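One structure is given here, and the rest of the page talks about it.
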Amino acid sequence: MEHKNLSLTLKVWRQKNSKAQGGFETYKIDGISTEMSFLEMFDVLNEKLINEGKEPVAFDHDCREGICGMCSMYINGRPHGPWHGTTTCQLHMRAFNNGDTIVVEPWRAKAFPVIRDLVVDRSAFDRIIEAGGYVSVNTGTPQDANAIPIPKQKADAAFDSAACIGCGACVAACKNSSAMLFVSAKVAQLANLPQGQPERATRALNMLDQMDKEGFGSCTHTGACEAVCPKEISVLNIAKLNNEYLGASLTVARD
Amino acid sequence: MSNGNFFTSSVGRKSIMGATGFFLISFLVVHVAINSLIFINIFNPSDKGHTFNVAANFMATNWVIHIMEVVLVLGLLAHAATGIRITILNKQKRPVKYAIAPTSSTWYSRSMGLLGTLILLFLVVHLRDFWYPTKVAEFVNHDIDQFNTYQVIVAAFQNPIRVVIYLVGVASLFYHLMHGFQAAFRTFGLVNKKYFSTIQCAGKYFAIIVCTLFALMPILTFIGLIK
Amino acid sequence: MTLNSKVPEGRMDQKWDNYKASVSLVGPANRRRLEVIVIGTGLAGASAAATLGEMGYKVKAFCFQDSPRRAHSIAAQGGINAAKNYQNDGDSDYRLFYDTEKGGDYRSREANTYRLAQVSANIIDQCVAQGVPFAREYGGMLANRSFGGVLVQRTFYAQGQTGQQLLLGAYSALERQVALGTVTMYSRHEMLDVVVIDGKARGIIARNLVTGELERHFGHAVVMCSGGYGNVFYLSTNAMGSNVTAAWKAHKKGAYFGNPCYVQIHPTCIPVSGDYQSKLTLMSESLRNDGRIWVPKKKDDNRKPNDIPDEERDYYLERRYPAFGNLVPRDVASRAAKERCDAGYGVGSSKQAVYLDFKSAIERYGKTEAHKKGMHNPSKEEITEMGKDVVKSKYGNLFAMYEKITGENPYEVPFRIYPAVHYTMGGLWVDYELMTTLPGLYALGECNFSDHGANRLGASDLMQGLADGYFVIPYTIGSYLSKEIRTNAIPTDHPAFDEAEKNVRGRLEQLLNIKGTKSVDHYHKALGQIMWHKCGLARNEKDLKDAIQEIKALRAEFWKDVRVPGEMNSLNPELEKAGRVADFFELAELMCIDALNRDESCGCHFRLEHQTEDGEALRNDKDFAFVSAWEHQGDENWELHKEPLTYEYIEVKQRSYK
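Chains as they are written, first to last, in our numbering: chain A, 411 to 665; chain B, 8 to 234; chain C, 48 to 705.
Set out below in C-alpha cells:
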C-alpha cells in the first residue's frame, strides 16, 4: 500500500477533571502516515506535547485490535469515526485527507461523565450487567455441555448479540443517550439460549430498570446506534428487548 | 428515574407512544377514506359533493363516533403529552452537547418532537377550519342536516395560504409516519429478522399513500378540479 | 530455600482426586470472615474472583481497565481446548496432556499439565451453563475444530472471538457476585505493591488511577492473575496496558520468577509498518490451514507478488518440512520466517515480512465448488469467484481485519506476515497448589509459569486461565486459608502497610521529579529493540551478554532523563506507563540472564549455539531438564533455584515435524 504523509489540524476536547470546565484545544500536526492508526496519530501528538512540556491528551485504549471496547473517541460527529463497523483503534489515517481538520470529543452522556479529556466513566454498563446480565449458575459440575442441544440458528443469533464489546458508541451516537442497544444485546443473547430461560423475565425487567436509573434515555428507534456500532449489533435486539420487557411486565409480580 | 413502575419506565412511556400511535393511525385510515370520497366529484361532477356530505354528516352525528371522538382526543393528548415528556427527558440525558451533532440516522427520526409539534399546530388550524363549524351547526344552530361540508371545503381551499399551511401539515405528518409507523411496531417488539423489512416497507407506503390522498384534496380543490 | 512443588502422591491420573479428597476445607461460616484479594480480571482473575465469591469468601478484585470486561483475554481468537472427545477421534485426558507436554518441548511439570487436561472438560460444561454461545452443528451439538500440533479435533470456539465470549461469561459471573456483595470490584486501580507481614502476603497497595490516591487493602491471601509480560518487547500482540508490574512487585517481595526467557513468538501477525507502530495484530493460526507461505527465490526481489511466477517462489516451509508443511508449530514457523528475512529474502517495504498466499486455496476450493455444481468447463474467473466465496465463509473476518489495517485486499494480493511476540510461558513460580514461594500469594493463568513448558499450543491459554480460576484455586486456597481462620483482619495502619505505601509513593514521586527530556515511550521502544534483536526469536551468548549491559545502561539513563508530565493526584497515563516500563527494565535483565543460563535450545527458546544440522532446536535434557526459579536478592541480583523435571508418564523425545 502506498503511503502518504498528512498535515492535519486537530481540535481536541481538553478537560482537567470531571468538575473542571472543558474546552477545545487546536493542534497542528505534520508527518502523519496514512498507514498509522488513529490512536497512533494520538501517540504522535502526545509525544509532541510531552516534548513541548505540555500535558498529553488522556484517552482510553487498551487492546488496539478492536475487541476490548475501551477506545472511545467521537470523531467529526461520529463515534469511532467515519469507517463503518470499526473501532477508533482500528480506524486508520487513510480515512483522512491532507489538510483536514478533525474534531475529537469524548462520549457525551449524563450517564458517562467525563473523567479527563477524552476519558469517560462507563461503569454504568457494569452496573446494568450486575442487575441481571448473567445466568445464575455457580461454578461446579453442571450437566454435560451437549446435554441440551441448541439449534444452530439460535446459537448463532445468541452469538451475534453477544459480540457486543460494551464500548458505548451506541449511547454516544443516540440523540437520547439511550443504552438500549447495549442492554438489548445481553438480554437477547440469553433469551435465545435455553440456559437463559429461568431468569428471562426478571432479567429484562431488572436490566432495563437499572438502565433508567443510570440516567440513559429511552429508545426512539432512530437507528443511530446500529449505524455506528463497531460490531454491527442489530437494532432488532431492541425490538426483542421491548417484547421481553412488555411480556415480563404483564406476567411478573413486582414488589 | 424508574422505580419499577411500568408507566414511568422508558419502555413503558414508549409503549404509551406506540399504543396511542397505532390508535391515531387507525383514525387516519378512517379520515383519509372519508376524505377520498370527495374525489368522486372529479369523475362525476353531478354528485356535487353529495356522497361526501352523507359520509361527513354521518361522522358528525353518529353517537358511536361521538364517543370515539372523545377517545380520540384523549389518545391524541396522551400521545402529545407523553411525546413532549419523552423529548424533554431525553434532552436532559446529554447535558453537554456535542460540537458536531451526530448524524448517523435520518433527520426525521431525530425530529419526531418537532414534527409532532408542527402537526399539533396544524391541528389547531384544521379543527378551527372544519371541525369547529360542524360542532356549531350541530349543537348551537341545530342545522347540521343542512350543513354542507363539501361547500365549506371547496371555499376554504381557494385561499393559497391555507393550501400551503395544509401541505406543510401533511408533510409533517408524512415524515412523522415514515418513522412512527415502523417505530411503533419496534416498540412492541413486533418485528424480527424475517418481517423487519416488510414492516419498514409497509410504513413507507402507508405514509406515502395516506399523505398523498390528504394532500390531493387541497391541491385539486385549489386548481379547480374539485368545485 | 528449597523448592517444594507439593505434587501429591499417587498415580498421575489419581493425583488430583487424591488431593481434593484430602485437602483441608474451610467451613462456610469461616469463609465469610476470610478476605481474598484478586489482581486482574481476565479469564483467570474473573473466574477465580467469581468462584471464590460464590463460595462465600470476601473478595476484592482489582483491574487497571475501566471495567473487568476489558482484560486482554478478550482478544483471544481461535478457541479453547478440552478433552471431551465429542468427535470420537481418540481424544482423552492423557492425549491432551501428552500433546501439551510435547508441544512444550518437555519443559513443564507433568502433574500440573495432567490436572489441566483433567479439568478441561468441566470448563466447557461450566461455560455452556453460563450462556457462552459456542459454535454448534446443525444437530444442536457443539462444534470442534483442529489446531496446530495435534491430531484430534478438540478446540471449541465462538467464531473468531472465543476469548471474548469466555471472558464475558466469567465477567458476568463476577458481576453477579458483585451484585450479591461477595465481591467488591475496584476498576481503574493498579496494584503497586504486595504487603508482607510475618512472611505472608497480607495485602496490597493500589493506586486509584482516577484520583491518584494510594489505597491500602488487606487480604488473608492475594491471588495474582495479572497476565503475561510480552510488552517488555514494546511491540507485541498484547494490549497496550498489559504489564508485569503486579507480578514483578510480588517477585521482589519473595515470589520466585520461573523460566522468564520462555516467550512465544507467533508466526502470523501483521508486520510492522513504521516507527510509530504501537502494537502488532495477530492473524489467527487457522490461516495456515489453507494459506501457503513463501518468499521470492531471488534476493531483494522488488516485483509485485502477483508478478512473480510460481517457479520463482520459495515455499520454504513446504521445502523444509514436507510432512507438516505450512502447519509446523508456532516456534518453528516463526524461526523459519526470520531466517528467510535475515538472509535477505524478505518482502514489503520493510523487508521484514513473508507472503501468506491464498491463491492456490481459492483455486482449489473454486474447482471443488464447480464440481459440486456440476459445471464441466468453468472459466478461470468463475473458479476464482467461487473459490473466494468459500474462503470468505471460512476466514472472512480475518481478511476484513487485514484489509482495514493495511489497506490491501488479501483476496487479490497475498498477506504480508511476520512473527510477533505473543505469549509468555514464563511467570511466577508456583507449586501444585498454585502458590508462589511467598506464602499466601497465588499466581494463576498466564502470570504463572506452570503448564506450557517452553512453548504453548494454540487454544491452551484459555483452557489454563479458566482451569486455574474455576476449578483449581477454589480447592487449593483452602489448604492455606484453613490455617488462617483464627487470623483476624489486620488493620491497614499496620507498620508494614505504612512502609509499603511509603515506598510506592517514593517511587512515583521519584519518577515525576526526574523531569528529564525523553518520554516513557522513547525508553520503552529502545528497550524493545534490544530485547527483540538480542533476546527474541534466536539468541546467542554474546548478544545476551551485550543485551544485559545495554539494558543496564538504558535503565540508568531512564532513571536520569525520563520526562513524566502531570501530577500524582489525578488520572495520569504517563505516570502509569513510567512505572510499568521501570519494571520491564528489571524483568528484561532477568530474562536475558535466564536465556544466557539456559545453554540449550528448547521450544521457543532458541540458542543459535544449540541446533541440529537442519537448524532445529536441540535440547539438552541431561543438564537442563529443570525449571529455572529465580530469587530476587536486591538490586540486579538473582539467585537461581532449580526444580528438576522428571517424567514418569511420557517418553521424552526430540521433536520432529519433518
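Here a beta-carbon is modelled for each residue, glycine too, at the ideal position from N, C-alpha and C.
Quick caveat: nothing in here was measured; it's all calculated off a predicted structure.
A582 of chain A to A400 of chain C span [Cα, whole Å]: Each residue's alpha carbon lies about 39 Å from the other.
Measure the Cβ-Cβ separation of V514 of chain A and L455 of chain A and say whether it is below 8 Å. no
Through-space distance from G288 of chain C to Q431 of chain A, alpha-carbon basis: 29 Å
For K592 of chain C, the three-state DSSP class (helix, strand or coil): helix
Contact check, G650 of chain C vs Y309 of chain C under 8 Å by CB: the rounded distance? Beta-carbon to beta-carbon, G650 of chain C and Y309 of chain C are separated by about 7 Å, close enough to satisfy the 8 Å threshold.
Could you tell me whether the Cβ atoms of G473 of chain C and N306 of chain C are closer together than 8 Å? yes
Give a yes or no on contact between the region 549-558 of chain A and the region 456-463 of chain A, applying the rule of three or more CB pairs nearer than 8 Å. The answer is no - the region 456-463 of chain A does not touch the region 549-558 of chain A, with fewer than three Cβ pairs under 8 Å.
Kindly indicate the opening and closing residues of the beta strand (DSSP E) around M238 of chain C. Taken as a continuous stretch (DSSP letters only), the beta strand (DSSP E) holding M238 of chain C covers 236-244.
Under a CB-based cut-off of 8 Å, is L646 of chain A close to chain B? yes
Among C:H236, C:G563, C:S139, C:A676, the one whose alpha carbon lies nearest that of P691 of chain C: C:A676
What residues in the region 457-474 of chain A have a beta carbon less than 9 Å from any beta carbon of chain C? E457, L459, I460, N461, G463, K464, E465, P466, A468, F469, D470, H471, D472, C473, R474
Considering Cα atoms alone, identify which of C:S440, C:S52, C:D404, C:T98 is closest to N353 of chain C. The shortest Cα separation from N353 of chain C among C:S440, C:S52, C:D404, C:T98 belongs to C:D404.
Per DSSP, L692 of chain C forms a beta bridge with which residues? Paired residue(s): none; L692 of chain C is not in a bridge.
Rounded straight-line distance, which links the Cα of F448 of chain A to that of I91 of chain B: 40 Å
R387 of chain C versus R586 of chain C: straight-line alpha-carbon distance, rounded: Annotation: R387 of chain C to R586 of chain C spans about 16 Å, alpha carbon to alpha carbon.
Going by DSSP, what residue range makes up the beta strand (DSSP E) through D478 of chain C? Neither: D478 of chain C is in no beta strand (DSSP E) and is coded neither H nor E.
I'd like to check one pair, H469 of chain C with H264 of chain C: are the Cβ atoms closer than 8 Å? no
Measure the Cβ-Cβ separation of L125 of chain B and S179 of chain B and say whether it is below 8 Å. yes
Could you check what DSSP says for F192 of chain B in three-state terms: helix, strand or coil? Helix.
Measure the C-alpha to C-alpha separation of V699 of chain C and Q61 of chain C and round it to an integer number of angstroms. 22 Å
What's the gap between the Cα of P640 of chain A and the Cα of A579 of chain A? Their Cα atoms are separated by approximately 8 Å.
Between the alpha carbons of I668 of chain A and K326 of chain C, how many angstroms are there, rounded? Outside the shown range of chain A (411 to 665) lies residue 668 of chain A, about which nothing can therefore be said.
Neighbour list for S22 of chain B in chain A, Cβ cutoff strictly below 7 Å: L656
Give the residues of chain B in contact with E515 of chain A, contact being defined as C-beta atoms less than 8 Å apart. Y105, A106, I107
State the Cα-Cα distance for the pair V551 of chain C and M238 of chain C, rounded to the nearest angstrom. 10 Å
Counting only Cβ pairs nearer than 8 Å, list the residues of chain A close to A190 of chain B. T630, H631
Using DSSP with H/G/I as helix, E/B as strand and the rest coil, what is A265 of chain C? Residue identity differs from the one stated: residue 265 of chain C is Phe in this sequence, not Ala. Strand at F265 of chain C.
Hey, does M483 of chain A have any beta-carbon neighbour from chain C nearer than 8 Å? Not flagged as an interface residue toward chain C: M483 of chain A, since no C-beta distance is shorter than 8 Å.
Short-range partners of chain A found in the region 133-155 of chain B, where Cβ spacing is below 8 Å: Residues of the region 133-155 of chain B whose Cβ lies closer than 8 Å to any Cβ of chain A: none.
Output yes if chain C places a C-beta closer than 8 Å to the C-beta of N427 of chain A; else output no. For N427 of chain A, the answer is yes, since a Cβ of chain C falls inside 8 Å of its Cβ.
Just tell me which of C:N684, C:C316, C:G196, C:G505 has its CA closest to the CA of V375 of chain C. C:G196
DSSP puts D361 of chain C in a beta bridge; with which residues? C:V342
Could you tell me whether the Cβ of I643 of chain A comes closer than 8 Å to any Cβ of chain C? no
Contacts of F448 of chain A in chain C (Cβ-Cβ under 9 Å): Simply none; closest approach about 11 Å.
Flag this pair as yes or no: are the beta carbons of D140 of chain C and R201 of chain C separated by less than 8 Å? no
In the DSSP output, what is F673 of chain C paired with across the bridge? C:P691
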